[in-house]
Structures are given as structure tokens and as C-alpha cells.
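**Student:**
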Amino acid sequence: MAAGAGPLSDLRARRQSSGLPPQHRAEPLRFPAMLKAWLDGAFVPMPDAKISAFDAGFQHGIGLFETMAARHGRIFRGLEHMERMSESARMLGLSDSLRAEALVDAAEATLAENSLEHARVRVTLTGGDMNLLARTAAEVQHDPTILIHVQPPTPYPQILFEQGIGVRVADAQLNVADPFASHKTLWYWPRLHALQRAAAAGMQEALWFDVTRALACACVSNVFLVKDGALITPVARGEEPKTTPLRSPVLPGITRAAVIVLAEESGLTVRRERIEIEAVLQADEVFLTNSSWHVLPVVSLEQRTIGKGTPGEVTRTLRAALLERIDRETVKARG
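Following my numbering, the numbering of the sequence shown begins with 29 at its first residue and continues without gaps.
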């Protein structure tokens with residue numbers, strides 16, 4: 029087959045503007061006045077949450093972040109999020125001193141400081157005053173910058189969940205040899221650029237494939253397919269077969285993990301495997317998961333209808349189960 033040929037390139041060639049009209053897209057985020065952020069151990073008003081112009085996160089995009097959902101003043105799976113950030117910081121050489129429990133405490137204290145029960149919580153870790161010319165172990169030591177801020181949840185229109193969304197194929201591809209690909213680094217420009225391209229085409233998300241033509245993820249979410257009663261998702265970092273020499277470029281999503289458990293509890297077969305474009309187009313259902321929209325149904329790819337063109341039963345059931353689980357766990361954590 030010639031380079032660039034095949035179903036993936038065929039879909040790209042037939043693109044036209046489509047998808048949801050502007051009134052059915054998520055509203056832009058607006059920060060209420062007087063919110064406070066947690067910056068390196070102290071609460072400060074949001075306008076005063078400033079970092080050095082020489083911070084490695086600002087200068088070079090060196091850093092990590094986590095976005096989490098809070099209900100009833102508690103963060104859903106907060107410890108899992110912070111453990112993932114801590115693991116990434118160790119693996120990428122950013123910091124080996126993060127304490128996941130302390131970060132969760134700081135994040136929930138930020139919720140309380142702002143009197144927010146339901147919120148979107150973001151924790152950002154940067155390289156701080158990193159010495160990029162370090163040559164000794166002593167010179168490498170540095171204090172990272174940690175910023176935590178909270179805001180009301182993103183107001184996604186209900187029609188997105190009732191009717192589903194259209195997605196496109198991202199123009200770029202993920203490099204399976206890139207050790208940073210499966211981590212939530214601050215270098216998010218390629219993902220956001222693809223998301224902007226999708227929005228310009230009237231679509232809500234874009235699917236990323238890797239250089240071997242395997243489905244990896246969407247811009248800001250993990251991907252699931254439903255086919256013949258089984259739930260299928262790409263292999264994520266840490267799930268690779270021992271015979272595979274390279275790590276997966278797929279982030280091991282916290283919401284993804286919760287959905288897998290809920291599916292298994294309901295009796296569904298769950299498979300983690302290589303997925304190509306043909307499988308996406310032939311799926312009975314497709315949906316996306318992240319901590320903001322939880323479970324979001326996909327009903328078309330590049331204007332090609334998926335399944336019946338409406339959110340499927342498995343998608344609807346798992347979304348309802350996840351929302352119930354989030355509510356139950358956060359109420360229980362509150363005591």
C-alpha cells in the first residue's frame with residue numbers, strides 16, 4: 029500500500045465542516061472573583077498566583093498537570109491522580125519527592141478555602157528554578173513549583189450526552205518511541221491545536237493514532253469501543269505485554285480505570301488491544317472518558333456514522349453507573 033493510503037487517509041480526504049452548532053458546545057470557563065489558589069504551600073488570591081519568569085514550566089514547558097473532579101467537597105480518585113503525577117515526575121526525572129497524600133490534602137484544602145462543593149480541580153507541577161546546565165547531583169537538586177486552583181465544573185450542554193458528538197482524525201500522529209507521550213506534561217500544544225482544528229470543523233474532539241496506525245486516544249480523553257457486547261480500549265502505559273519493547277503512548281486514565289471496573293462488575297468482557305481505524309468505523313458504540321465530562325458518546329467519525337448514530341445502551345449505562353459511583357465515593361469520603 030502506498031504511503032499515506034488506506035482508510036485513515038481516505039477519511040481525511042473527504043472532510044467537510046460538520047458536527048454540533050456553536051450553541052451546543054461547552055461554555056467558556058469563567059473564574060468567579062476572589063477565588064484563591066494554593067501556590068507552594070500558601071493560599072493567594074488568583075490574580076496574585078504568579079510564578080517566576082525564569083520558571084522552567086514557563087521557559088521550556090517542563091512540568092506535569094492533573095485535572096480532577098470534586099463532588100461534595102471531595103475529589104474523586106484524588107489519590108490515584110496524585111500517585112500518577114508522582115510516578116510521572118519520577119519517571120521523567122522531574123522530582124522524586126512528591127507525596128501523593130499531601131497533594132490530595134492540599135487540593136481539598138483549596139476546595140474548602142474557596143467554599144466549593146462541586147468543582148474542577150487542577151494541580152500543576154513545574155520544574156521551578158531548574159538548572160538546565162547542571163553537571164553534578166547537587167546542581168540537579170531544585171524545588172519544583174506547585175500550583176493548585178479550583179473552579180466550578182465545566183458546563184457541558186446536556187445535548188452532548190443525549191445526542192453524542194462527532195469527531196475527526198487528528199492530523200498528526202503519536203510517536204511510540206517518545207517517552208513523554210503517555211504522561212500529562214505541560215507540552216500540550218499539539219493536543220490543543222488538534223482540538224482547535226476539530227472545533228473549527230464543527231466537531232468536539234479528535235482521535236489520535238500512532239505512527240503504526242493504531243488508535244491511541246483523543247486530545248483530552250481516553251477512547252472506548254463497544255463491539256458485539258465487549259468493551260475494547262487501547263493498551264495504556266503499564267499494560268503492555270512483556271514481549272513489547274516500547275511503552276504505549278496512551279495515558280492510563282483514572283476515569284478510564286473506573287469505567288473498566290464498572291464494566292467488569294456489570295459482566296461485560298473488557299479487552300485492551302490494538303485498534304485500527306476500521307474497527308472504530310465498524311464499532312457498535314464509541315465513547316470518550318475524562319474527569320470533566322466523565323463518559324461522552326461519539327456517534328460519527330469524519331461524518332461516517334458509528335453504530336446507529338445515537339448513544340448506545342452500553343455507553344448510557346456506564347455513564348449512569350460512573351456518575352453514581354462518583355457521588356457515592358465522594359459522599360462516603362466526606363463522612
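Cβ coordinates follow ideal geometry from the N, Cα and C atoms, glycine included.
Since this is a predicted model, take the numbers as computed values, not measurements.
#1: List in chain order: all unbroken alpha helix (DSSP H) runs of 4+ residues lying wholly within the region 172-247.
#2: Can you say whether Thr152 is buried or exposed, counting buried as having 16 or more other CB atoms within 10 angstroms of its CB?
#3: Give the DSSP bridge partners of Ala65, in chain order.
#4: Does the Cβ-Cβ distance between Val278 and Ala264 come in under 8 Å?
#5: Where do the N-terminal and C-terminal ends of the beta strand (DSSP E) with Arg300 fall, by residue?
#6: Closer than 8 Å by C-beta to Asn203: which residues in its own chain qualify, once you throw out the five before and the five after it? Chain order, please.
#7: In whole angstroms, give me the CA-to-CA distance for Val298 and Ser80.
#8: Quick one: what's got a C-beta closer than 7 Å to His109's C-beta in the same chain, skipping five residues either side?
#9: Return the first residue and the last residue of the alpha helix (DSSP H) that His109 is part of.
#10: Counting beta carbon pairs with one atom in the region 62-73 and one in the region 172-182, are three or more of them shorter than 8 Å?
#11: In this structure, what does DSSP give as the bridge partners for Gly91?
#12: Taking 8 Å as the threshold (C-beta atoms), are Asp199 and Ala222 in contact?
#13: Relative to the C-alpha of Val254, which residue among Gly91, Glu129, Leu107, Arg344 is closest?
#14: Nearest to Val197 by alpha carbon, out of Arg356, Arg275, His211, Gln331?
#15: Near Asn142, which residues of its chain fall below 8 Å by C-beta distance, leaving aside the five closest residues on each side in sequence?
#16: Residues in the same chain with beta-carbon distance under 8 Å from Ala246, minus the five sequence neighbours each way, listed in chain order, please.
**Tutor:** Looking at the coordinates:
#1: 186-191, 217-228
#2: By the 10 Å Cβ count, Thr152 comes out buried.
#3: Val72
#4: yes
#5: 297-300
#6: Ala209, Asp238, Val239, Pro277
#7: 46 Å
#8: Glu94, Met96, Ile282
#9: 106-119
#10: yes
#11: Answer by DSSP bridge pairing, in chain order: Thr154.
#12: A contact, by the Cβ cut-off of 8 Å.
#13: Arg344
#14: Gln331
#15: Leu63, Lys64, Val178
#16: Val195, Glu233, Ala234, Leu235, Trp236, Leu316
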